[in-house]
Amino acid sequence: MVTSETHSEKRKFGKVGESSVNKKARREVSKKYGKFTEDCIPDGVFPIGDDVFVFASTYYDSVSVHIRRFKKYGKAYYPTSEGITLDPR
Numbered sequence: 001m002v003t004s005e006t007h008s009e010k011r012k013f014g015k016v017g018e019s020s021v022n023k024k025a026r027r028e029v030s031k032k033y034g035k036f037t038e039d040c041i042p043d044g045v046f047p048i049g050d051d052v053f054v055f056a057s058t059y060y061d062s063v064s065v066h067i068r069r070f071k072k073y074g075k076a077y078y079p080t081s082e083g084i085t086l087d088p089r
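Take 1 as the starting number for the sequence shown in the UniProt record's numbering and just add one per residue.
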């Protein structure tokens with residue numbers, strides 16, 4: 001008997017592609033709203049100066065620490081490619 005992988009199993013192993021419609025919608029939302037605003041910095045995001053922030057993220061059982069420079073447009077902060085990700089293993 002052959003069992004097929006469920007959708008969540010495929011997502012877990014990176015086998016499910018995201019549709020171009022979903023990617024476009026996600027890009028438009030992130031461009032419109034940014035990551036966060038200066039009035040409402042989320043818990044767990046810590047400013048260390050010069051628009052650089054430190055925050056942690058989890059993906060399944062893996063924890064990563066990010067040190068990233070953000071660009072400020074109006075009151076919204078947007079992540080840039082400048083930064084590093086630390087993966088403590």
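Glycine included, every Cβ here is placed at the ideal spot set by N, Cα and C.
1. Ignore the nearest five residues each way along the sequence and tell me which others in isoleucine 84's own chain have a CB closer than 7 Å to its CB.
2. Here's a check: name, in chain order, each residue in its chain whose Cβ is nearer than 6 Å to the Cβ of valine 52, leaving out the five neighbours to either side.
3. Give the DSSP bridge partners of isoleucine 84, in chain order.
4. State the beta-bridge partners of proline 47 as determined by DSSP.
5. In the structure shown, what three-state DSSP assignment does serine 75 receive?
6. Can you say whether tyrosine 60 is buried or exposed, counting buried as having 16 or more other CB atoms within 10 angstroms of its CB?
In short:
1. Ile67
2. Arg69
3. Ile67
4. Phe53
5. Before going on, a small fix: residue 75 reads as lysine here, not serine. It is coil, neither helix nor strand.
6. exposed
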